[in-house]
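First residue of the sequence shown? That's 3 in my numbering, and the numbers climb one at a time after it.
A virtual CB, placed ideally from N, CA and C, is assigned to each residue, including glycine.
Computed from a predicted model, the values in this text were never measured in an experiment.
Okay, so here's the structure we're looking at.
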Amino acid sequence: MKTTSIILSFLLLVVQAQAQVSFKTIVPPQTVVSGESFQVQYIIEDGDKTMNVKPPVFNNFRFVAGPTIYMGSVATVNGVKPLRNAVFTLEAIRPGRFVIPGATITVKGKVIRSNNVFVEVISKEEAGKNNKENNIRPSDYFLRPEENAYEKIKQNLFVKMIVDKKTCFVGEPVLATFKLYSRLESKSDIVKNPGFYGFTVYDLVNLSDKQVISEKVNGKIFDVHTIRKVQLYPLQPGIFTVDAMQIKNKVEFSRSVVNKKTEQEVAEGMLGNNETETITEGTEVFETDISTDPVTINVKPVPEKNKPSIYTGATGHFTIAAALVNSKLAKNEQGFFDVIVSGKGNFIQLIAPAVQWPAGVEGFEPVVKDELDKTKTPLSGSRIFRYPFVCASPGKQQLPTISFSFFDTDSNNYKTISTKIVEVMVSNEDKKNLVVEEQKTSIAENSEKAARTAGIVVMSVVLLILVYWIFRKKEPATLPSAQQESTLPSVESLLEPAYNAVVEEDNSFYSILHGILWKFSGEKFNLSGSEMSKQVLVAKMNEASISRDITENLFQVLEQCEAGMFTTANLSDDKQSILLQAKEVLEKMNPSTSSGFLL
């Protein structure tokens with residue numbers, strides 16, 4: 003009996019210990035600045051919701067507001083316990099080290115007092131000196147009781163469109179920069195990009211470049227995010243408006259944390275996914291819309307006076323040169339004539355200069371290659387026009403000078419420049435393999451060639467069938483199955499990286515699957531380098547007698563991958579569906595690689 007009483011007493015003590023209410027005082031861990039507000043929290047753990055906190059007398063501080071009551075819970079080894087937080091806002095009056103007395107509550111007729119804490123108060127001058135030495139700026143994360151949240155957002159979060167000029171000539175670039183300025187804890191979502199009507203657009207910077215710098219505006223330091231930076235090349239004269247970029251924001255403020263380094267997140271299509279966000283106790287989130295102001299650009303026509311007849315719209319400052327890739331050719335061998343336009347200006351609008359080919363030389367449409375420095379405004383670098391040509395007659399041929407006119411925005415005058423004459427030596431040797439044969443033969447010659455080719459193909463097929471039949475009759479096929487299997491890897495091993503990437507939240511799945519499909523196609527059809535293009539792949543699949551449905555399905559998956567890689571659009575099919583479609587395509591293209599890989 004005595005033992006039982008001891009055990010019961012012990013259990014009662016344990017229960018009482020577990021049921022004991024915890025009551026503590028919390029103040030900001032860092033120093034407080036004289037003349038500024040801060041908050042004192044009195045936290046009751048595992049107490050009754052009806053408990054009232056009796057605050058002490060706050061000597062040496064000015065009472066601002068309180069108490070503000072927050073309810074919550076905390077996980078402990080004994081389970082989840084309720085929390086009750088009474089928050090008082092005080093203002094420090096003068097520098098020094100002061101005590102914040104504990105508050106009191108009454109639990110079952112017993113008065114419980116929280117702990118006393120000390121607060122270090124420093125002057126504004128000392129705080130400024132410390133911030134300067136440690137490169138720290140005052141935080142606007144803390145929302146004081148007397149502050150209006152939306153007014154504070156308006157003063158500390160805004161977006162600007164900055165243009166380097168509002169008047170220009172046709173073809174003269176306008177540099178437009180979109181910047182988000184913030185001193186707040188914010189998430190910003192671009193819901194509408196501006197329309198650049200009347201301009202050719204060349205992107206310099208976008209969100210993925212993550213360009214963030216600090217700038218001082220009205221004496222305050224802001225984090226400045228470059229959202230987009232573009233060069234706009236006017237296509238025609240007139241007055242054009244670059245309309246607004248629209249952004250939705252979620253801004254978080256704290257009622258208790260005074261100093262915190264604010265962070266910003268800027269994305270496109272981020273806030274429209276209806277994701278559930280956890281709001282930290284003692285914080286509030288406010289939503290706002292901001293936008294840039296529309297900007298009007300006055301585009302003037304280039305002068306008609308003294309305009310050269312060969313002028314085609316080039317604006318800037320340029321030089322021109324010409325060169326041969328190979329100055330010695332066989333008769334009917336394809337050569338390449340390069341015309342290089344260098345300098346600064348509207349390269350992306352330049353068209354190929356006209357070439358007056360001499361008798362005995364046949365030229366074709368050029369291939370264009372750009373070598374541009376996108377960090378410069380206007381664009382600087384060169385555009386190369388590579389003209390294929392064929393010389394039918396042996397001997398020395400002179401390729402003519404190429405003239406090029408442009409409007410020089412530095413002097414507001416037209417200038418015409420020309421290349422030097424270049425010479426090509428053509429030997430008597432006849433080049434039998436004509437690269438440009440299709441462009442030179444007539445319809446009748448093409449038909450005759452096609453008929454000859456078809457006859458050769460038919461004869462070759464007949465001979466192959468005869469050879470196969472003879473060898474098969476002589477010696478039955480006894481190749482082991484291992485040697486008959488495709489050398490391509492199994493669908494399972496091919497798609498394993500994409501399967502692992504399905505659960506990732508970023509767009510890596512699409513780039514991984516895109517790479518797998520092209521790797522498979524390259525190995526199956528022996529493609530490499532410049533042959534890795536959709537046009538060549540279609541031709542190879544047709545040659546391999548792969549059905550049109552399979553080809554279309556493959557290209558549909560490739561397009562879905564490219565949409566996921568390069569845009570923020572929501573795809574109609576989810577990743578699992580795209581992966582299943584890719585698996586089916588690969589198995590149909592090469593059935594021997596199938597291994598029953600289940601998704």
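**OP:** For Phe408, count neighbouring C-beta atoms within 10 Å of its own C-beta (all shown protein chains included) and say buried if the count is 16 or more, exposed if not.
**Re:** Position 406 of the sequence shown holds residue 408. Label assigned to Phe408: buried.
Original post:
Which value, in whole angstroms, describes the spacing of the CA atoms of Val17 and Val113?
Top reply: Residue 17 sits at position 15 when you count from the first residue of the sequence shown. Residue 113 sits at position 111 when you count from the first residue of the sequence shown. For Val17, the pLDDT reaches just 42, beneath the cut-off of 50, and the residue's location in the model is therefore unreliable, although a value from the coordinates is still provided. Cα to Cα, Val17 sits roughly 20 Å from Val113.
**OP:** Classify Gly383 as helix, strand or coil using the three-state DSSP reduction.
**Re:** Counted from its first residue, the sequence shown places residue 383 at position 381. Strand at Gly383.
Subject >> Buried versus exposed call for Lys181 [16 or more other C-beta atoms within 10 Å across all chains shown] >> reply: Against the sequence shown, residue 181 aligns to sequence position 179. Flag for Lys181 reads buried.
Original post:
Can you name, in chain order, every residue of its own chain whose Cβ lies under 7 Å from the Cβ of Asn195, other than the five neighbours on each side?
Top reply: Within the sequence shown, numbered from 1, the residue matching residue 195 stands at position 193. Here the set comprises Met247.
**OP:** With DSSP as the reference, label Asp295 as helix, strand or coil.
**Re:** Within the sequence shown, numbered from 1, the residue matching residue 295 stands at position 293. Note: Asp295 maps to coil in three-state DSSP.
Subject >> Residues of its chain near Trp359, where Cβ-Cβ distance is below 6 Å and the 5 sequence neighbours each way are ignored >> reply: Counting from 1 along the sequence shown, the entry for residue 359 is found at position 357. Here the set comprises Gly365.
**OP:** Just confirm the distance between the C-beta atoms of Ala546 and Ile518, as a whole number of angstroms; I'd bet it's less than 8 Å.
**Re:** Locating residue 546 in the sequence shown gives position 544, counting from the first residue. Locating residue 518 in the sequence shown gives position 516, counting from the first residue. Actually they are not in contact, since the Cβ atoms of Ala546 and Ile518 sit about 19 Å apart, beyond 8 Å.
Original post:
Are Thr27 and Ile95 closer than 8 Å when you measure CB to CB?
Top reply: Looking up residue 27 in the sequence shown gives position 25. Looking up residue 95 in the sequence shown gives position 93. Their beta carbons are not under 8 Å apart, which means Thr27 does not touch Ile95 by this criterion.
Original post:
To which residues does DSSP link Lys56 through a beta bridge?
Top reply: Indexing the sequence shown from 1 puts residue 56 at position 54. According to DSSP, which records beta bridges pairwise, Lys56 is partnered with Thr106.
Original post:
Considering Leu581, what are the terminal residues of the alpha helix (DSSP H) in which it resides?
Top reply: Counting from 1 along the sequence shown, the entry for residue 581 is found at position 579. That run of the alpha helix (DSSP H) goes Lys577 to Met591.
Original post:
What are the uninterrupted segments assigned as beta strand (DSSP E) that are 3 or more residues long and contained completely in the stretch 200-259, given in chain order?
Top reply: 201-207, 213-219, 222-236, 240-244 and 248-256
Original post:
Since Ile155 is in the alpha helix (DSSP H), which residue starts that stretch and which ends it?
Top reply: Looking up residue 155 in the sequence shown gives position 153. Ile155 -> alpha helix (DSSP H) spans Ala151 to Asn158.
Original post:
Does Lys398 come within less than 8 Å of chain C when only Cβ atoms are used?
Top reply: Reference to chain C is not applicable here, since this structure consists of a single protein chain.
**OP:** Check whether the stretch 340-359 touches the stretch 378-392, counting contact only when three or more Cβ pairs, one atom from each stretch, lie closer than 8 Å.
**Re:** yes
Original post:
Is the stretch 386-394 touching the stretch 320-338 in the sense that three or more CB pairs, one from each, lie closer than 8 Å?
Top reply: Short answer: they touch.
Original post:
Excluding the five sequence neighbours on either side, which residues of its own chain have a C-beta within less than 6 Å of the C-beta of Ala354, listed in chain order?
Top reply: Residue numbering aside, residue 354 sits at position 352 when the sequence shown is read from its first letter. If we look at Ala354 and ignore the five residues flanking it on each side, its Cβ neighbours are Pro368 and Phe387.
Original post:
According to DSSP, is Ile71 helix, strand or coil?
Top reply: Residue numbering aside, residue 71 sits at position 69 when the sequence shown is read from its first letter. Strand, per DSSP.
Original post:
Given that a residue counts as buried once 16 or more other Cβ atoms are within 10 Å of its Cβ, and exposed if not, what is Arg257?
Top reply: Along the sequence shown, read from residue 1 onward, the residue named residue 257 stands at position 255. So Arg257 ends up on the buried side.
Original post:
Do the CB positions of Val207 and Arg230 come within less than 8 Å of each other?
Top reply: Here residue 207 refers to the residue found at position 205 when the sequence shown is read from its first residue. Here residue 230 refers to the residue found at position 228 when the sequence shown is read from its first residue. Against a cut-off of 8 Å, the Cβ pair of Arg230 and Val207 comes out as a contact.
**OP:** Look at Pro304 and Val172 and say whether their C-beta atoms are less than 8 Å apart.
**Re:** For the purposes of this step, residue 304 is taken as residue 302 along the sequence shown, with counting starting at 1. For the purposes of this step, residue 172 is taken as residue 170 along the sequence shown, with counting starting at 1. Sequence inspection shows Val at residue 304; the Pro mentioned does not correspond to that position. Yes; because the gap between Cβ atoms is below 8 Å, this pair is in contact.
Original post:
To which residues of the same chain is Glu289 closer than 6 Å at the C-beta, ignoring the five residues directly before and after it?
Top reply: Translated into the one-based positions of the sequence shown, residue 289 becomes position 287. Counting only Cβ-Cβ distances below 6 Å, and skipping sequence neighbours, we find Lys252.
Subject >> Own chain residues within Cβ distance below 7 Å of Pro58, not counting five before or after >> reply: As a first step, residue 58 is located in the sequence shown; it is residue number 56 there, counting from the start. Within the same chain, Pro58 has close Cβ partners Pro103, Gly104 and Ala105.
Original post:
Considering Asn430, what are the terminal residues of the beta strand (DSSP E) in which it resides?
Top reply: Start at 1 with the first residue of the sequence shown, and residue 430 comes out as number 428. Element bounds for Asn430: Val424 to Asp432.
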